[in-house]
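Take the sequence shown: its position 14, counted from the start at 1, is 491 in the numbering used here, and no numbers get skipped.
We put the CB at the ideal spot given by N, CA and C, even for glycine.
Read the structure below first, then the notes.
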Amino acid sequence: MISQWLGGAIALLAGLYMLVLIARMIFDWIRFFSPLWRPSGIILPIANLVYALTDPPLSFLRRIIPPLRLGGNVAIDLGFMILFLATIIVENLGVFVRSLGF
Numbered sequence: 478m479i480s481q482w483l484g485g486a487i488a489l490l491a492g493l494y495m496l497v498l499i500a501r502m503i504f505d506w507i508r509f510f511s512p513l514w515r516p517s518g519i520i521l522p523i524a525n526l527v528y529a530l531t532d533p534p535l536s537f538l539r540r541i542i543p544p545l546r547l548g549g550n551v552a553i554d555l556g557f558m559i560l561f562l563a564t565i566i567v568e569n570l571g572v573f574v575r576s577l578g579f
């Protein structure tokens, strides 16, 4: 009973955080393709929340794992990929704990 509730909560929170990471990726791509774009209106508080939730773990991971330079101004952010993968693993762990059912 408790494992179902705990597993469900873990899976739900990880799923919501994955949506926040996807929103971060979208904002970063918009800024990459349109450097002069700045969020305004209703998008501004959403962008602030997304960056506030994702900056601390990404900054930590970027200190440990620098972006992979591919030449020129192109780099792959490995920290983002690792955080996204870790979120998927935590979500699946929550689903597993929920399936235990005791």
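With a threshold of 16 other beta carbon atoms within 10 Å, A491 meets it and is buried. The residues S480, L483, G484, I487, in chain order, have a CB closer than 7 Å to that of V574 in the same chain once the five nearest residues on each side in sequence are set aside.
Annotated three-state conformation of R508 is helix, per DSSP. Beta-bridge partners assigned by DSSP to A552: R546. Leaving aside the five residues that flank V567 on each side, the residues in its chain whose CB is nearer than 7 Å to its CB run, in chain order, I487, A491.
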